[in-house]
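Worksheet: one structure, shown below.
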């Protein structure tokens, strides 16, 4: 997974960090300031999911490739909730079920 710049460093997500190959665009990859299409292209190249709070701008990008996908996170969720909800989603999903689309995580999901 690829954490967009609007997320904190990955140590704030201990469950995700232990179970999945999680990288932060700015901190781990030193690629600060990438545009949304560039982040999406990087995720596609590396066969990763983009995790972002920027649902509006990634909505259309999410439908352009089956080689990646976007998980949009509600801005109302705190880090602990994101860690648990995203880990639960990934544990019950296949790559195929998440790639080629936008999946959202909210307070209700």
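In the UniProt record's numbering, the protein residues as written are 1 to 109. Ideal placement from N, C-alpha and C gives every residue a C-beta, glycine not left out.
Buried/exposed call for residue i, threshold 16 Cβ in 10 Å
i          : result
residue 13 : buried
residue 28 : exposed
residue 9  : exposed
As assigned by DSSP and simplified to three states, the class of residue i
i           : result
residue 42  : helix
residue 2   : strand
residue 29  : coil
residue 101 : coil
residue 49  : strand
N-terminal and C-terminal residue of the alpha helix (DSSP H) that residue i is part of
i          : result
residue 87 : 79-92
residue 9  : Premise fails: residue 9 is in no alpha helix (DSSP H) and is neither H nor E.
residue 58 : 55-58
Pairwise C-alpha distance: residue j and residue i
i          : j          : result
residue 67 : residue 57 : 18 Å
residue 46 : residue 21 : 11 Å
> Any chance the region 66-81 sits against the region 97-107, with 3 or more Cβ pairs inside 8 Å?
Replying inline: yes
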